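Colleague: Quick note, the sequence shown lines up with residues 64 to 292 if you use the numbering used here.
Built from N, CA and C at the ideal position, the CB exists for glycine as well.
All values reported here derive from a predicted model rather than from experimental measurement.
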Amino acid sequence: MISQVPQSGSSAAVAVSGPNGRSGRRPGGLSVSVLALNRNFAAVHVISVRRAFCLLFKDLAEVINVESGSYYNYDFEGWREQSEMRIALGDRREEDDWIQAVNFEIQAPRIIRLMRYDRLPRNAVKFNRRNIFLRDEHRCQYCGERYSSARLSLDHIHPRSRGGGDTWENVVCACLTCNVRKGGRTPQEAGMRLLRPPVKPTRSPLICRHLNQEKYASWRAFLKPAGRG
Ligand SMILES: [Zn+2]
Numbered sequence: 064m065i066s067q068v069p070q071s072g073s074s075a076a077v078a079v080s081g082p083n084g085r086s087g088r089r090p091g092g093l094s095v096s097v098l099a100l101n102r103n104f105a106a107v108h109v110i111s112v113r114r115a116f117c118l119l120f121k122d123l124a125e126v127i128n129v130e131s132g133s134y135y136n137y138d139f140e141g142w143r144e145q146s147e148m149r150i151a152l153g154d155r156r157e158e159d160d161w162i163q164a165v166n167f168e169i170q171a172p173r174i175i176r177l178m179r180y181d182r183l184p185r186n187a188v189k190f191n192r193r194n195i196f197l198r199d200e201h202r203c204q205y206c207g208e209r210y211s212s213a214r215l216s217l218d219h220i221h222p223r224s225r226g227g228g229d230t231w232e233n234v235v236c237a238c239l240t241c242n243v244r245k246g247g248r249t250p251q252e253a254g255m256r257l258l259r260p261p262v263k264p265t266r267s268p269l270i271c272r273h274l275n276q277e278k279y280a281s282w283r284a285f286l287k288p289a290g291r292g
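1) Do the CB positions of I175 and I169 come within less than 8 Å of each other?
2) Using the C-alpha atoms, what's the distance from H108 back to L100?
3) To the nearest angstrom, how far is the alpha carbon of G207 from that of R198?
4) Whose CA, out of R173, D218, L119, E125, lies closest to the CA of R192?
5) Between L257 and C203, what straight-line distance do the alpha-carbon atoms span, to the nearest angstrom?
6) Just verifying my parser: in three-state terms, what is the DSSP assignment at S73?
7) Would you be able to state if there are at least three C-beta pairs under 8 Å between the region 234-253 and the region 209-225?
8) Given a cut-off of 8 Å, decide if A105 and L183 are closer than it, judged by their beta-carbon atoms.
9) Would you mind listing the alpha helix (DSSP H) stretches within the region 136-197 that are 4+ residues and don't spill past its ends, in chain order?
10) Nearest CA to the CA of R259: which residue from R143, V165, A151, E232?
11) When we look at the beta-carbon of D154 and count the other beta-carbons within 10 Å, is it buried (16 or more) or exposed?
12) Could you check if A237 belongs to the surroundings of ligand 1, using beta carbon to heavy atom distance under 7 Å?
13) For a test of the three-state rule: what should DSSP assign to I110, helix, strand or coil?
14) Could you check if E252 belongs to the surroundings of ligand 1, using beta carbon to heavy atom distance under 7 Å?
15) Over the uninterrupted beta strand (DSSP E) stretch that includes E130, give me the two end residues.
16) What does the alpha-carbon distance come out to for the pair L98 and L118?
17) Restricting to Cα atoms, I'd like to know which of G226, L286, E252, A253 is closest to T265.
18) Give the DSSP-derived three-state secondary structure of V262 in the structure shown.
19) Can you find the residues in the same chain that come closer than 6 Å, C-beta to C-beta, to D138, ignoring five residues on each side of it along the sequence?
20) Does the distance from the C-beta atom of V188 to that of S267 stay below 8 Å?
21) Taking only the alpha-carbon atoms, compute the straight-line gap between V243 and E277 and give it to the nearest angstrom.
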């Protein structure tokens, strides 16, 4: 966690404008996320853009920006100048978010690096129903159909009644029909086949949710492939 890092800071950032900065102010709508890296460029957390700017103002973090496949780092002033240049050049992309401060606009960074923070990311993803559904993308691992959470169940591949454990490798999403059909048998015994071998996820569902959005594509370079070979 980044709780060591002071949370208070300048209040210069006040609103996020939409794509191309044209959609006006949305006070309080600072819902843009920023990937925080530790000093050694390991992804440690997802934070709000407001918090990211607080860290930048205090020189506790720098912006890491991907430009034409290369990585550039900026302190707050450098990033502000870069933003001004982009405004002057009309170089705003649809996927960018912009922060409207009192008398200037600045692009929302996608990634920051915490220069004094060297703890490692938390590796353990909580083993629970929600995260299993997220790992399996709400897809029954037997028939391959997608369902809402209400219509999915958890299936123990090796049945619990026969010693099968509550582990990432032994529990998958299954629709009710497939779960009933399989009953207290192994997939082999039931003549059913898993879509893919279940593995323990290597990253949090929160990060996964963002990774599905194109505007956070630059995060991918800092995250190990998900828990599938
Ligand atoms: Zn099914």
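Modeller: If we stick to the structure as given:
1) no
2) 7 Å
3) 14 Å
4) Checked all of R173, D218, L119, E125; the closest Cα to R192 is D218.
5) 9 Å
6) At S73 the pLDDT is 39, less than 50, meaning the model places this residue with poor confidence and gives no usable figure here.
7) Because the criterion of three Cβ pairs below 8 Å is met, the region 209-225 and the region 234-253 touch.
8) yes
9) 139-152
10) E232
11) Exposed.
12) Answer for A237: yes, Cβ within range of ligand 1.
13) strand
14) E252 has its Cβ no nearer than 7 Å to any heavy atom of ligand 1.
15) 124-130
16) 13 Å
17) L286
18) It is coil, neither helix nor strand.
19) Scanning its chain for C-beta atoms nearer than 6 Å, with the 5 sequence neighbours on each side dropped, one finds around D138 the residues E125, in chain order.
20) yes
21) 38 Å
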